[in-house]
Amino acid sequence: NAGVTQTPKFQVLKTGQSMTLQCAQDMNHNSMYWYRQDPGMGLRLIYYSASEGTTDKGEVPNGYNVSRLNKREFSLRLESAAPSQTSVYFCASTDNEGGNYGYTFGSGTRLTVV
Amino acid sequence: DAKTTQPNSMESNEEEPVHLPCNHSTISGTDYIHWYRQLPSQGPEYVIHGLTSNVNNRMASLAIAEDRKSSTLILHRATLRDAAVYYCIPLISNFGNEKLTFGTGTRLTIIP
Numbered sequence: 001n002a003g004v005t006q007t008p009k010f011q012v013l014k015t016g017q018s019m020t021l022q023c024a025q026d027m028n029h030n031s032m033y034w035y036r037q038d039p040g041m042g043l044r045l046i047y048y049s050a051s052e053g054t055t056d057k058g059e060v061p062n063g064y065n066v067s068r069l070n071k072r073e074f075s076l077r078l079e080s081a082a083p084s085q086t087s088v089y090f091c092a093s094t095d096n097e098g099g100n101y102g103y104t105f106g107s108g109t110r111l112t113v114v
Numbered sequence: 001d002a003k004t005t006q007p008n009s010m011e012s013n014e015e016e017p018v019h020l021p022c023n024h025s026t027i028s029g030t031d032y033i034h035w036y037r038q039l040p041s042q043g044p045e046y047v048i049h050g051l052t053s054n055v056n057n058r059m060a061s062l063a064i065a066e067d068r069k070s071s072t073l074i075l076h077r078a079t080l081r082d083a084a085v086y087y088c089i090p091l092i093s094n095f096g097n098e099k100l101t102f103g104t105g106t107r108l109t110i111i112p
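Protein sequence lines, in the order shown, are assigned to chains Y and W. Take 1 as the starting number for the first sequence in the numbering used here and just add one per residue. Take 1 as the starting number for the second sequence in the numbering used here and just add one per residue.
Below is the structure:
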């Protein structure tokens with residue numbers, strides 16, 4: 001009963017380095033999402049994928065790219081990390097039944113860019 | 001987006017019921033009302049959702065006003081583990097492209 005699995009759990013990057021955050025779900029959900037949460041704030045949507053093969057920008061997409069590798073996996077890439085991208089990143093998934101389904105979140109990746 | 005208003009913080013005594021209010025006066029008729037909570041240093045956790053009728057599950061109850069402009073999350077007997085930030089989110093119906101939009105939520109403190 002893994003649900004949504006995110007890797008890594010912690011990461012420290014130097015400014016300008018790149019990395020990919022991985023997310024996988026085992027619930028056969030259609031939709032997947034990437035959020036970031038800065039200290040003391042609510043979550044903000046970066047990108048989402050309503051179904052396999054589609055991706056769309058959320059509220060704060062600049063500096064990020066995503067890939068919906070298959071139905072299970074949705075990765076988030078930082079091509080050139082900046083200190084402003086220091087945050088906790090959460091992946092989520094759900095079945096897109098017009099809102100009549102709960103979302104499941106991963107436990108997060110805590111990223112620090114120095 | 002539907003405008004949502006929640007108290008910034010609330011306190012409750014352990015083992016007593018807790019009523020967390022939410023106003024969503026601009027909600028549309030097909031938008032589900034979702035509630036999530038986030039315990040310290042964890043990801044958000046689904047609590048409950050509903051459309052028009054009151055809903056119950058093992059975690060909580062959701063009371064939805066008849067005009068749907070407000071709702072109340074009810075924790076029947078609060079425990080210390082219920083201390084968290086609670087988010088009320090009207091989920092804008094969009095033909096399978098729905099997205100949760102988080103506000104700042106209500107920080108619930110449980111007093112032993």
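All C-beta atoms in this analysis are idealised placements derived from N, C-alpha and C, irrespective of residue type, glycine included. The model shown is predicted, which means the values in this text are computed figures rather than measured ones.
Check: Length-filtered (3 minimum) beta strand (DSSP E) runs lying within the stretch 23-52 of chain W; Outcome: 32-38 and 45-50
Check: S12/W versus I74/W - alpha carbon distance; Outcome: 12 Å
Check: Cut-off 7 Å between Cβ atoms - residues of its own chain near G40/Y, not counting five sequence neighbours on either side; Outcome: none
Check: Closer than 8 Å to chain W by CB, S87/Y; Outcome: no
Check: CB contact check: G108/Y to chain W, cutoff 8 Å; Outcome: yes
Check: Reduced DSSP category for L62/W - H, G, I as helix; E, B as strand; rest coil; Outcome: strand
Check: Beta-bridge pairing of M144/Y - partner residues as DSSP gives them; Outcome: The structure shown does not extend to residue 144/Y, since chain Y is modelled only from 1 to 114, so the question has no answer here.
Check: Whole-Å CB distance - G99/Y paired with E98/W, under 8 Å assumed; Outcome: 5 Å
Check: Terminal residues of the beta strand (DSSP E) in which M32/Y lies; Outcome: S31 to Q37
Check: T106/W vs P7/W beta-carbon contact at 8 Å; Outcome: yes
Check: Neighbouring residues, chain Y, relative to S93/W (Cβ below 8 Å); Outcome: G98 and G99
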